[in-house]
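Inspection log for the structure reproduced underneath, given as structure tokens.
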Amino acid sequence: MIVSANQLVAGCIVTADVMGKSGLPLVKSKTILTESDIFYLQKLLVKEVPIASHLEDGTSFVPSKEFVKPKMLKKEQNFLDALEAAADAYQKQFASWQHGAAVDASSLRQMLLPVMEKAASWEGNIFNLPSYRTQTDYVSHHAIGIALLAAAVLQKAGYTEADVNQTALAALLADCGMAKLKQPYFLQKRRLHAHEREDIEKHPTLSYRMIEQVSHLSTKAKLAILQHHERADGTGYPLRLSKDKIHPFASLVSICDTYHALISERAHQRAVSPYRAVEIILDEQFERFDPSMVQSFIQAFLDAQQKTTVRLSSGQLAEIVFTDSSNPTKPMVRELESGEVKAMNEYPDLHIEEVIK
């Protein structure tokens with residue numbers, strides 16, 4: 001059946017991709033809608049959502065003729081509202097940089113810290129953030145996303161508040177130099193050509209030049225901005241630094257940047273599941289990243305996944321029961337339909353296809 005976003009309730013099952021104006025799906029087929037999903041669809045004024053005639057629990061769904069306002073937890077609504085406001089504020093600053101304005105780090109810090117505070121008490125999963133609204137929004141949501149991820153990792157690892165805040169601000173500003181490039185490469189619907197890659201590799205240097213004299217940023221934060229595309233094996237850019245010359249916070253920003261890009265639906269690249277993104281990062285940790293920062297990232301990721309509902313490659317929905325940190329992408333799960341508990345490491349062909357909630 002087809003209903004409006006205002007008629008949805010938690011537990012509705014989407015039967016076909018709900019497409020956004022950018023041509024990318026806002027919500028994918030087979031998604032079990034949460035209150036936050038519904039809030040998001042209503043905010044986007046989505047008029048038609050194809051859903052099953054039954055809810056997740058098997059009961060029949062009879063859509064109300066009245067407006068149904070999602071009963072969101074106040075903390076959740078506050079966070080999602082703050083996230084959208086922060087993305088809008090960043091987008092405006094990015095546009096101003098494109099026209100020659102200086103970086104206003106003070107206002108960005110004042111914008112970011114409240115979002116970080118709300119994220120820390122949010123009951124959702126920061127490693128599975130709501131997707132951005134349109135392709136143009138990717139830049140702002142990506143910047144906010146990697147900042148929140150970096151903050152979550154360092155908070156979990158016990159770093160000082162100063163290091164957490166400075167690294168989050170560095171993550172937020174890491175791509176500000178993109179505003180100085182002549183072409184909006186982030187909007188390309190194809191892989192970049194070699195000469196375009198050369199151009200885009202200038203952006204860390206451009207970002208650094210934009211924040212070099214900003215007093216609100218520490219030396220460590222400035223290095224994180226300059227070095228966030230350097231790689232441990234020396235193949236990164238712009239300076240082709242070796243592992244011992246790359247600041248650990250730069251490596252963390254790089255990890256968060258890679259992860260968020262992988263789980264994001266983009267014009268030239270399909271999104272992968274959070275667990276597939278973690279597999280890719282683990283496979284490349286010694287060539288690309290600081291392994292100690294990878295482990296800190298993985299630990300924070302795993303702590304956020306307990307009791308998460310996922311879709312397995314078998315098609316079954318399951319709940320994460322336990323995860324061994326030595327094998328993070330093969331947790332123990334309980335299938336919701338059968339109640340059977342499975343240790344995924346005993347099933348080589350079984351993997352997590354999608355994080356539901």
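Each residue of the sequence shown is one higher than the one before, counting from 1 in my numbering. Each residue gets a CB set at the ideal place from its N, CA and C atoms; glycine is no exception.
State the CB to CB distance for the pair residue i and residue j, rounded to an integer number of angstroms; the pair is presumed to be in contact (CB under 8 Å).
i, j, result
"LEU217", "LYS180", "So it is not a contact: roughly 18 Å between Cβ atoms."
"HIS260", "ILE146", "5 Å"
"SER296", "VAL153", "5 Å"
"ALA171", "VAL253", "5 Å"
Less than 8 Å between the beta carbons of residue i and residue j, yes or no?
i, j, result
"ILE13", "ILE38", "no"
"GLN306", "SER325", "no"
"LEU112", "ALA168", "yes"
"ALA232", "GLU161", "no"
"PRO156", "ASP57", "Position check: residue 156 holds Lys in this sequence, whereas Pro was assumed. No, they are not a contact pair."
"PRO238", "GLU201", "yes"
"GLU212", "SER273", "no"
Does residue i come out as helix, strand or coil in the three-state DSSP assignment?
i, result
"LEU173", "helix"
"GLU340", "coil"
"PHE61", "coil"
"PRO50", "strand"
"THR219", "helix"
"ARG270", "coil"
"LEU317", "strand"
"VAL355", "strand"
"ILE298", "helix"
"ILE13", "strand"
"GLU279", "helix"
"THR309", "strand"
"MET1", "coil"
"GLU196", "helix"
"ILE32", "strand"
Please identify the residue among the options whose C-alpha is closest to the C-alpha of residue i.
i, options, result
"GLU335", "ASN327, GLU319 and ALA250", "GLU319"
"SER140", "LEU108, THR167 and ALA120", "LEU108"
"ILE32", "ALA221, GLN42, VAL9 and PRO25", "VAL9"
"LEU129", "SER292, PRO328 and GLU265", "GLU265"
"ALA86", "VAL355, THR15, ILE200 and ALA143", "ALA143"
"ALA250", "ALA267, ASP199 and GLN227", "GLN227"
"ILE225", "GLU196, CYS256, HIS195 and ASP17", "CYS256"
Quick check: the Cα distance between residue i and residue j, rounded to an integer number of angstroms?
i, j, result
"ALA102", "LEU223", "19 Å"
"SER4", "VAL341", "37 Å"
"LEU262", "ALA277", "6 Å"
"THR34", "ASP244", "45 Å"
"MET19", "THR309", "23 Å"
"SER96", "ASP104", "10 Å"
"ASP163", "GLN110", "16 Å"
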